[in-house]
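If you number the sequence shown the way my numbering does, the last residue is 154 and the count never jumps.
To start, the structure itself, in structure tokens.
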Amino acid sequence: MVPGPAWQSPDILARPGAFPRPDTASGGRTAYSTSKLAAIYLVHAYARRLPAGVDAVAYNPGFVPGTGLARNAGPVARFAMRRILPAMALTPFATGRNAAGRHLADVVLGTTEAPTGSYVDRTRAARSSNESYDPRREDELWESAERFTAAYAA
């Protein structure tokens, strides 16, 4: 349902129209997956820069139907997301909203072991995609974020 990320320079990603056909579901989904990759890069960058005792962790609840993710999709997709796919939360292929919240609370409270810089997939720390381990991209994104927000930091 969601295509893989399409990484580009943060200067391009920060602008509207960074992806082909941005007004389509496909373009939006590519932007979504790319933003998730960027979040993991930033978690790794924070983990290297934050003082000891301050942790940065990426959390993936998995597919959580019923959250409004398809609110701008066509009528068939909206119907499926509201009426059919919530039943998937009873399977290992999706997570219910309440369970996703409990799993996140477990990460925050330390019940789920998640050292700084880790990626938590639902209930356990796991290795994220190979693409998400790129120190050059992590640093590039960090430096861009600092540059983008410098005017607001003063």
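Even for Gly, the Cβ is constructed at its ideal location relative to N, Cα and C.
Owing to the predicted nature of the structure, the values given are computational and were not obtained by experimental measurement.
- Residue nearest to residue 54 within the set 144, 122, 7 and 115 is 115 (criterion: CA-CA distance).
- For residue 124, the uninterrupted beta strand (DSSP E) run begins and ends at 124-126, by DSSP.
- For residue 50, the CB contacts under 8 Å within the same chain, skipping 5 residues up- and downstream, are 56 and 116 in chain order.
- For residue 98, the uninterrupted alpha helix (DSSP H) run begins and ends at 97-109, by DSSP.
- Where residue 119 is concerned, the enclosing beta strand (DSSP E) starts and stops at 119-121.
- If the five residues before and after residue 78 are omitted, its C-beta is found closer than 8 Å to the C-beta atoms of 70 and 71, all from its own chain and listed in chain order.
- Just measuring C-alpha positions, the residue of 64, 143, 150 and 137 sitting nearest residue 6 is 137.
- One Cα belongs to residue 19, the other to residue 26, and the distance between them is close to 9 Å.
- Judged by pairs of C-beta atoms under 8 Å, the region 102-116 touches the region 125-136, as three or more such pairs exist.
- In the same chain as residue 142, and ignoring 5 residues on each side of it, the C-beta atoms closer than 6 Å to its own belong to 45, in chain order.
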